[in-house]
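Q:
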Amino acid sequence: MFVAGKIYFPPKSFGIYGHYRAASVEDIATAHPTYLTPVSFSTAYPKQYETWSAGIHKVVKCQVCHTTVGMTMNMASLAGTAELSSSPTLPAAGDSRKLCVKCHERIAGRPDYMPQIDVDSHSKGQACTACHNPHSPLFSNSGEPIVAAGGAGTIDLVAGKKLSATCAGCHGPEGVSAVAMFPNLACQKQQYLAGALTDFQSGTRASPVMSGVAKGLSAADIQNVAAYFSGMSCK
Amino acid sequence: MSETKSITDPAGRRGFMSLLGKLCATTAVCSGVGTVSLQNLATAASAAASAKPEFPEAGPVPEYDWTKHRWAFGVDSTRCIGCLRCVEACKVENHVPFNPQNYRTWVERYVYLEGEDKPRVDTQSDPVNIAAAASPQDYRFSNRYRDKKVTKSFFVPKLCNHCENPACVQVCPVGATYKTPDGVVLIDEKYCIGCRYCVQACPYGARYFNEETQTTDKCTWCYHRITKGLKPACVEVCPVQARVFGDLNDPASDISVFVRSHPINVLKPWTGNGPHVFYNGIDGEVS
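Residue numbers (my numbering), protein chains in the order written: chain X, 1 to 235; chain H, 1001 to 1287.
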């Protein structure tokens, strides 16, 4: 009876790989992913993608904010069903204070490297997006820098990113070099990078390779590309 | 028929067992399934596997070879900012009930106040933090230590440790939880009887009982994502790279680099479970 029961009752795929149902592994593995990589949204939202990927918020991926529960937009379901809307419902202006402070409120436990604010004294009741572009928060929605970062004039990070393609060959596409003899650029001080490029350009600092690269850059180009690399993650 | 006869045999249980043994030895070749119920599980498994081509050596997941990977997880406590985006992403990704008491991953905050030698610990399911959140679907750490003198504080994200010798698997009476060759501990939701032995066996409190499905549930390292080449949802959304995931078999993977470049630790190593979530920057107080 016992033997007959043990043969009859266990499900079909039980015991093939071990003391469990082999089919359950497939059941679990075939679930559909909800969170997608940012590239999945680049064609649907090219303008936002460009701004975001050049700014310091590029470590904060699309769905960190846009699938927050209570927010009406769910980009994953949009991308999954290929019904991409060109004008997604964004978080309401008032919500930005609830959303941004999840990372940026000054609380016990939050490490010092994270930019933090005392919410009430910093915002004075305004929505965060009144001043900051959420896709690139060191800049306003119209593209003006909020934190004056060294050089005069407006910094254009998108232009900086385009220029960085030249540097990527030796210094790495993320500003982290794979070769010991080429320095990392990510996280380096913007003023130092701009100064080095200016020196290479004028010949004050001698380097056949770097002088050649720097010769083709305008003063604005130098500031833009320096700002771009200084904003990269040093990871 | 021969089985019922042997039960009535005067030789008793021993005679019955030896007869059964002989019976199995002779029938093992033609009926691999029969031996599953008895001693020789390993032989039966290989016999059944060769008889069933839909379950190949590479594992039951199509286009994924589970013998080629050894997954592991890293947590950098010095980077965690306690934003709880991981907790929320996990719930959305894995359909975890949206109440603060059920979670597959959670974040603890350790705060040492001036003059106190024991840390104060709270998580997102602490009543004060629930009250600070805008809604039951919203998670945040309250600013409760605003007016206190804090000498040291840090966040510790936690999740299932996917142990080498998981106590939870050992206690399951029906084989509904198991460890795969790529190092992930999974739960068979259809086969779980909801007895909750495993919830009690886990020394890390990583399992919870899902009232909606009436089964136990826990972190799978997003097995449906990692088998497709994606990262787990919590790793994908973490804005500060406090969570690291990858394949230990690949020396260039994020986790291999993390393990090599940080002084790492695991939680409660004395339990002998052999956790595979590696921590950087946690106190001995954290367990």
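All C-beta atoms, glycine included, are put in the ideal place defined by N, C-alpha and C.
Name the one or two DSSP bridge partners that residue 1074 of chain H has.
A: Within the second sequence, the letter at position 74 stands for residue 1074 of chain H. H:1244 and H:1278, per the DSSP bridge assignment.
Q: Run the proximity test for residue 1282 of chain H: is its beta-carbon closer than 7 angstroms to any non-hydrogen atom belonging to the ligand ATP?
A: Annotation note on the ligand ATP: not contained in the displayed structure, which lists no ligands.
Q: Name the DSSP bridge partner or partners of residue 1216 of chain H?
A: The residue given as residue 1216 of chain H occupies position 216 in the second sequence. DSSP, once it has assigned bridges, lists H:1209 as partnering residue 1216 of chain H.
Q: Using CA coordinates, which residue listed in X:16, X:58 and X:26 is at the minimum distance from residue 232 of chain X?
A: As a position in the first sequence, residue 232 of chain X is number 232, starting the count at 1. If we check each option's Cα against that of residue 232 of chain X, X:58 comes out closest.
Q: Specify, as a first and last residue, the run of the beta strand (DSSP E) that residue 45 of chain X falls within.
A: Counted from its first residue, the first sequence places residue 45 of chain X at position 45. Segment: none, residue 45 of chain X is in no beta strand (DSSP E) and carries neither H nor E.
Q: Short of 7 angstroms Cβ to Cβ, which residues in the stretch 105-133 of chain X face chain H?
A: 105, 107, 108, 109, 110, 111 and 114
Q: Against chain H, with Cβ distances strictly below 8 angstroms, would residue 194 of chain X count as a contact?
A: Residue mapping note: residue 194 of chain X aligns to position 194 of the first sequence, counting from 1. So no, residue 194 of chain X is outside the interface.
Q: Does the separation of the CB atoms of residue 129 of chain X and residue 177 of chain X fall below 8 angstroms?
A: The sequence position of residue 129 of chain X within the first sequence is 129, counting from 1. The sequence position of residue 177 of chain X within the first sequence is 177, counting from 1. Against a cut-off of 8 angstroms, the Cβ pair of residue 177 of chain X and residue 129 of chain X comes out as no contact.
Q: Under 8 angstroms by Cβ, that's how I've got residue 1203 of chain H and residue 1118 of chain H pegged, so tell me the actual separation to the nearest angstrom.
A: Numbered from 1 along the second sequence, position 203 holds the residue referred to as residue 1203 of chain H. Numbered from 1 along the second sequence, position 118 holds the residue referred to as residue 1118 of chain H. Rounded, the Cβ-Cβ distance is 21 angstroms, inconsistent with contact.
Q: Is it buried or exposed for residue 179 of chain X, if we count other Cβ within 10 angstroms and need 16 for buried?
A: For the purposes of this step, residue 179 of chain X is identified with residue 179 of the first sequence, where counting begins at 1. Under this definition residue 179 of chain X is an exposed residue.
Q: Whose CA, out of X:119, X:205, X:190 and X:209, lies closest to the CA of residue 221 of chain X?
A: Along the first sequence, read from residue 1 onward, the residue named residue 221 of chain X stands at position 221. Answer by Cα proximity: X:190.
Q: Looking at residue 1228 of chain H and residue 33 of chain X, is the spacing between their C-beta atoms short of 8 angstroms?
A: Within the first sequence, numbered from 1, the residue matching residue 33 of chain X stands at position 33. Within the second sequence, numbered from 1, the residue matching residue 1228 of chain H stands at position 228. Yes. Within cutoff.
Q: In this structure, does DSSP put residue 1149 of chain H in helix, strand or coil?
A: The residue labelled residue 1149 of chain H in the question sits at position 149 within the second sequence. Coil at residue 1149 of chain H, not helix or strand.
Q: Around the Cβ of residue 22 of chain X, are there at least 16 other Cβ atoms within 10 angstroms (buried) or fewer (exposed)?
A: In the first sequence, residue 22 of chain X corresponds to position 22, counting from 1. With 16 or more Cβ atoms within 10 Å of its Cβ, residue 22 of chain X is classed as buried.
Q: Around the C-beta of residue 5 of chain X, are 16 or more other C-beta atoms found within 10 angstroms, so that it is buried, or is it exposed?
A: Sequence index remark: in the first sequence, residue 5 of chain X carries index 5 (1-based). It is exposed - the Cβ of residue 5 of chain X has fewer than 16 other Cβ atoms within 10 Å.
Q: Output yes if chain H places a C-beta closer than 8 angstroms to the C-beta of residue 103 of chain X; else output no.
A: In the first sequence, residue 103 of chain X corresponds to position 103, counting from 1. Closer than 8 angstroms: yes.
Q: What are the boundary residues of the beta strand (DSSP E) that residue 1177 of chain H is part of?
A: Numbered from its first residue, the second sequence carries residue 1177 of chain H at position 177. From DSSP, the beta strand (DSSP E) with residue 1177 of chain H extends over 1177-1179.
Q: Here's the rule I'm using: 16 or more other beta-carbon atoms within 10 Å means buried, otherwise exposed. How should residue 1231 of chain H be labelled?
A: Working through the second sequence from its first residue, we reach residue 1231 of chain H at position 231. The residue in question, residue 1231 of chain H, is buried, as its Cβ has 16 or more Cβ neighbours within 10 Å.
Q: On the criterion of 16 or more Cβ atoms from any shown chain inside 10 Å, does residue 52 of chain X qualify as buried, or is it exposed?
A: Numbered from 1 along the first sequence, position 52 holds the residue referred to as residue 52 of chain X. Buried.
Q: What would DSSP say about residue 1260 of chain H, mapped onto helix, strand or coil?
A: For the purposes of this step, residue 1260 of chain H is taken as residue 260 along the second sequence, with counting starting at 1. Helix.
Q: Skipping 5 residues on each side, what residues in its chain have a beta carbon closer than 8 angstroms to that of residue 1285 of chain H?
A: The residue labelled residue 1285 of chain H in the question sits at position 285 within the second sequence. Excluding positions up to five away in sequence, the list reads 1110, 1118 and 1119.
Q: Since residue 28 of chain X meets chain H, which of its residues come closer than 7 angstroms, beta carbon to beta carbon?
A: Numbered from its first residue, the first sequence carries residue 28 of chain X at position 28. Those within 7 angstroms of residue 28 of chain X in chain H are 1186, 1220, 1223 and 1224.
Q: Check distances from the C-beta atoms of the stretch 3-15 of chain X to those of chain H and list, in chain order, the residues that come in under 9 angstroms.
A: 3, 4, 5, 6, 7, 10, 11, 12, 13, 14 and 15
Q: Hey, out of X:99, X:124 and X:139, whose CA is closest to residue 1134 of chain H's CA?
A: Numbered from 1 along the second sequence, position 134 holds the residue referred to as residue 1134 of chain H. Residue X:99 is the option with its Cα nearest to residue 1134 of chain H.
Q: Within 10 Å of its beta-carbon, does residue 238 of chain X have 16 or more other beta-carbons around it, so buried, or fewer, so exposed?
A: Nothing about residue 238 of chain X can be read from this structure; chain X reaches only from 1 to 235.
Q: Quick check: the stretch 1142-1155 of chain H against the stretch 1177-1193 of chain H, are at least 3 beta-carbon pairs closer than 8 angstroms?
A: no
Q: Residue 27 of chain X lies in the alpha helix (DSSP H); which residues open and close that run?
A: As a working note, residue 27 of chain X is residue 27 in the first sequence. Going by DSSP, residue 27 of chain X is part of the alpha helix (DSSP H) stretching over 22-29.
Q: Name the one or two DSSP bridge partners that residue 105 of chain X has.
A: Here residue 105 of chain X refers to the residue found at position 105 when the first sequence is read from its first residue. In the DSSP output, where bridge partners are listed per residue, residue 105 of chain X has X:117.
Q: Compute the beta-carbon to beta-carbon distance between residue 37 of chain X and residue 1224 of chain H, rounded to the nearest angstrom, for a pair I have assumed lies under 8 angstroms.
A: On the first sequence, residue 37 of chain X is found 37 positions in, with the first residue counted as 1. On the second sequence, residue 1224 of chain H is found 224 positions in, with the first residue counted as 1. No, residue 37 of chain X and residue 1224 of chain H are not in contact; Cβ-Cβ is about 15 angstroms, not under 8 angstroms.
Q: Contact criterion: CB-CB distance below 8 angstroms. Does residue 72 of chain X meet it with respect to chain H?
A: The residue given as residue 72 of chain X occupies position 72 in the first sequence. Any reading at residue 72 of chain X is ruled out, since the residue's pLDDT is 36, under 50, leaving its predicted position unreliable.
Q: Is the beta carbon of residue 1083 of chain H less than 8 angstroms from the beta carbon of residue 1239 of chain H?
A: Taking the first residue of the second sequence as position 1, residue 1083 of chain H is located at position 83. Taking the first residue of the second sequence as position 1, residue 1239 of chain H is located at position 239. Yes, Cβ-Cβ distance for residue 1083 of chain H and residue 1239 of chain H is below 8 angstroms.
Q: Can you pull the chain H residues whose beta carbon is under 7 angstroms from the beta carbon of residue 63 of chain X, in chain order?
A: In the first sequence, residue 63 of chain X corresponds to position 63, counting from 1. Within chain H, the residues near residue 63 of chain X are 1237.
Q: Please state whether the Cβ-Cβ distance between residue 26 of chain X and residue 1061 of chain H is less than 8 angstroms.
A: Within the first sequence, residue 26 of chain X is the residue found at index 26, counting from 1. Within the second sequence, residue 1061 of chain H is the residue found at index 61, counting from 1. Yes.
Q: Return helix, strand or coil for residue 228 of chain X, following the three-state DSSP convention.
A: Position 228 of the first sequence holds residue 228 of chain X. Of the three classes helix, strand and coil, the one that applies to residue 228 of chain X here is helix, per DSSP.
Q: Taking all protein chains shown into account, do 16 or more other C-beta atoms lie within 10 angstroms of the C-beta of residue 1275 of chain H, making it buried, or fewer, making it exposed?
A: Position 275 of the second sequence, counted from the start, is the residue given in the question as residue 1275 of chain H. By the neighbour-count rule (16 or more Cβ atoms within 10 Å), residue 1275 of chain H is buried.
Q: Less than 6 angstroms between C-beta atoms, sequence neighbours within five positions excluded: which residues of the same chain meet that for residue 1085 of chain H?
A: Indexing the second sequence from 1 puts residue 1085 of chain H at position 85. Within the same chain, 1237 come within 6 angstroms of residue 1085 of chain H by CB-CB distance, once the 5 residues on both sides are set aside.
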